[in-house]
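Our numbering applies: residue 57 is where the sequence shown begins, and numbers increase by one. Heads up, the beta-carbon is just placed ideally off N, CA and C, and yes, glycines get one too.
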Amino acid sequence: MKKIYYTLLLLVLAFLNTSCLKAGLDELETYDLNDITNVRFEYRWWDETDQRMRVQEMEVEKTFDNDHKIVECSIVVPDATNTFSTEIRNNVSLSTLAINVDASTASRITPLNGAPTMGVFPSDFSSGEFQYAVMAGNGDIANWTIKIIDFQK
(Lines of atoms letter the chains of each structure in order from A and count residues from 1; the text may use other names and numbers.)
(Lines give C-alpha, C1' and ligand atoms only; values in the text may rest on other atoms or scores of the structure.)
Protein backbone atom coordinates (compact mmCIF):
# COMPACT_ATOMS: atom_id res chain seq x y z
CA MET A 1 0.00 0.00 0.00
CA LYS A 2 2.86 2.37 0.83
CA LYS A 3 4.36 1.75 -2.59
CA ILE A 4 1.13 2.78 -4.31
CA TYR A 5 0.86 5.86 -2.08
CA TYR A 6 4.43 6.99 -2.87
CA THR A 7 3.92 6.33 -6.57
CA LEU A 8 0.75 8.44 -6.62
CA LEU A 9 2.47 11.18 -4.61
CA LEU A 10 5.38 11.16 -7.05
CA LEU A 11 3.01 11.44 -10.02
CA VAL A 12 1.10 14.33 -8.42
CA LEU A 13 4.35 16.18 -7.60
CA ALA A 14 5.67 15.62 -11.12
CA PHE A 15 2.41 16.98 -12.57
CA LEU A 16 2.46 20.03 -10.27
CA ASN A 17 6.05 20.89 -11.22
CA THR A 18 5.42 21.02 -14.95
CA SER A 19 4.60 24.24 -16.71
CA CYS A 20 2.28 24.88 -19.59
CA LEU A 21 2.62 28.64 -19.57
CA LYS A 22 2.48 29.90 -23.14
CA ALA A 23 1.19 33.47 -22.76
CA GLY A 24 1.76 36.38 -20.43
CA LEU A 25 5.55 36.13 -20.55
CA ASP A 26 7.65 39.28 -20.51
CA GLU A 27 8.98 40.28 -23.91
CA LEU A 28 12.78 40.05 -23.82
CA GLU A 29 14.86 42.87 -25.23
CA THR A 30 16.58 42.22 -28.55
CA TYR A 31 19.98 43.85 -28.45
CA ASP A 32 20.89 45.80 -31.57
CA LEU A 33 24.34 47.11 -30.66
CA ASN A 34 27.41 45.66 -32.37
CA ASP A 35 30.22 47.84 -31.06
CA ILE A 36 33.69 47.09 -29.76
CA THR A 37 34.05 48.90 -26.44
CA ASN A 38 37.53 47.89 -25.26
CA VAL A 39 40.68 46.20 -26.61
CA ARG A 40 43.38 44.59 -24.48
CA PHE A 41 46.62 42.88 -25.46
CA GLU A 42 48.54 40.55 -23.16
CA TYR A 43 51.62 38.37 -23.10
CA ARG A 44 51.46 34.90 -21.50
CA TRP A 45 54.24 32.61 -20.35
CA TRP A 46 54.75 29.52 -18.22
CA ASP A 47 56.53 30.21 -14.92
CA GLU A 48 58.58 27.07 -14.20
CA THR A 49 59.45 28.22 -10.68
CA ASP A 50 55.83 28.57 -9.53
CA GLN A 51 54.45 25.97 -11.99
CA ARG A 52 51.76 28.33 -13.27
CA MET A 53 50.72 30.40 -16.26
CA ARG A 54 51.51 34.09 -15.94
CA VAL A 55 49.87 36.96 -17.82
CA GLN A 56 51.19 40.47 -18.33
CA GLU A 57 48.75 42.98 -19.78
CA MET A 58 50.22 45.53 -22.16
CA GLU A 59 49.55 49.24 -21.76
CA VAL A 60 47.27 50.21 -24.65
CA GLU A 61 46.14 53.66 -25.72
CA LYS A 62 42.99 53.28 -27.82
CA THR A 63 41.08 55.58 -30.10
CA PHE A 64 37.56 54.49 -31.09
CA ASP A 65 35.88 55.73 -34.26
CA ASN A 66 32.35 54.34 -33.88
CA ASP A 67 31.16 55.91 -37.15
CA HIS A 68 33.79 54.15 -39.28
CA LYS A 69 34.11 51.11 -36.95
CA ILE A 70 37.86 51.53 -36.41
CA VAL A 71 39.95 51.11 -33.25
CA GLU A 72 43.50 52.45 -33.33
CA CYS A 73 45.86 51.04 -30.71
CA SER A 74 49.27 52.11 -29.46
CA ILE A 75 50.86 49.32 -27.42
CA VAL A 76 53.55 49.86 -24.80
CA VAL A 77 55.31 46.91 -23.17
CA PRO A 78 55.48 47.57 -19.41
CA ASP A 79 58.80 47.75 -17.55
CA ALA A 80 60.29 44.58 -16.12
CA THR A 81 59.28 43.46 -12.62
CA ASN A 82 60.14 40.53 -10.35
CA THR A 83 57.74 38.19 -12.20
CA PHE A 84 57.89 39.92 -15.60
CA SER A 85 61.68 39.75 -15.87
CA THR A 86 63.85 41.46 -18.49
CA GLU A 87 64.43 38.08 -20.15
CA ILE A 88 60.68 37.47 -20.48
CA ARG A 89 60.06 41.09 -21.51
CA ASN A 90 62.57 40.69 -24.35
CA ASN A 91 60.40 37.89 -25.80
CA VAL A 92 57.40 40.21 -26.20
CA SER A 93 56.65 41.20 -29.78
CA LEU A 94 53.62 41.77 -31.99
CA SER A 95 53.83 38.10 -32.98
CA THR A 96 53.63 36.80 -29.39
CA LEU A 97 50.56 38.59 -27.99
CA ALA A 98 46.96 37.63 -27.32
CA ILE A 99 43.99 39.96 -27.82
CA ASN A 100 40.87 40.30 -25.71
CA VAL A 101 37.98 42.52 -26.76
CA ASP A 102 34.89 43.77 -24.95
CA ALA A 103 31.84 44.16 -27.15
CA SER A 104 28.18 45.13 -26.82
CA THR A 105 25.84 42.96 -24.79
CA ALA A 106 24.75 39.73 -26.53
CA SER A 107 27.10 40.27 -29.48
CA ARG A 108 29.49 37.75 -31.05
CA ILE A 109 32.87 38.45 -32.58
CA THR A 110 34.27 36.53 -35.55
CA PRO A 111 37.71 37.10 -37.07
CA LEU A 112 37.73 38.00 -40.78
CA ASN A 113 40.39 37.53 -43.46
CA GLY A 114 42.83 35.62 -41.24
CA ALA A 115 42.65 37.96 -38.24
CA PRO A 116 43.84 36.35 -34.99
CA THR A 117 41.20 34.62 -32.88
CA MET A 118 40.34 36.32 -29.59
CA GLY A 119 42.15 34.92 -26.56
CA VAL A 120 44.41 32.56 -28.53
CA PHE A 121 48.08 32.74 -27.60
CA PRO A 122 50.36 33.38 -29.30
CA SER A 123 48.77 35.32 -32.12
CA ASP A 124 50.58 37.30 -34.79
CA PHE A 125 49.64 40.98 -34.93
CA SER A 126 52.70 42.06 -36.90
CA SER A 127 50.72 43.01 -40.02
CA GLY A 128 49.14 45.80 -37.94
CA GLU A 129 45.54 45.76 -39.21
CA PHE A 130 42.77 43.22 -38.60
CA GLN A 131 39.05 42.94 -39.25
CA TYR A 132 36.40 41.39 -37.03
CA ALA A 133 32.67 40.95 -37.63
CA VAL A 134 30.61 41.91 -34.59
CA MET A 135 27.08 40.48 -34.73
CA ALA A 136 24.47 42.05 -32.45
CA GLY A 137 21.89 39.95 -30.63
CA ASN A 138 19.31 40.80 -33.29
CA GLY A 139 21.61 39.63 -36.13
CA ASP A 140 22.90 43.03 -37.35
CA ILE A 141 26.58 42.79 -38.33
CA ALA A 142 29.26 45.50 -38.31
CA ASN A 143 32.79 44.92 -39.57
CA TRP A 144 35.33 46.50 -37.24
CA THR A 145 38.98 47.18 -38.02
CA ILE A 146 41.60 47.07 -35.27
CA LYS A 147 44.81 48.90 -36.24
CA ILE A 148 48.05 48.76 -34.32
CA ILE A 149 49.63 52.09 -35.09
CA ASP A 150 52.52 51.91 -32.62
CA PHE A 151 54.41 49.28 -30.60
CA GLN A 152 56.98 50.44 -28.03
CA LYS A 153 59.23 48.23 -26.01
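Within 10 angstroms of its Cβ, does residue i collect 16 or more other Cβ (buried), or is it exposed?
i	result
residue 171	buried
residue 114	buried
residue 186	buried
residue 200	buried
residue 138	exposed
On a CA-only basis, which of the options is nearest residue i? Give me that one, please.
i	options	result
residue 203	174, 119, 137	119
residue 144	93, 164, 112	112
Ends of the alpha helix (DSSP H) at residue i?
i	result
residue 143	142-146
Measure the alpha-carbon distance for residue i versus residue j and round it to whole angstroms.
i	j	result
residue 193	residue 162	5 Å
residue 85	residue 125	24 Å
residue 99	residue 130	15 Å
residue 179	residue 63	59 Å
Taking the beta strand (DSSP E) that residue i falls in, what are its first and last residues?
i	result
residue 198	197-208
residue 188	185-191
Return the chain-ordered list of same chain residues with a C-beta closer than 8 Å to the C-beta of residue i, the five sequence neighbours on each side being excluded.
i	result
residue 116	95, 96, 97, 129, 130, 131, 132
Take residue i and list the residues in its own chain whose beta-carbon comes closer than 7 Å to its own, dropping the five residues that flank it on each side.
i	result
residue 174	155, 156, 157, 165
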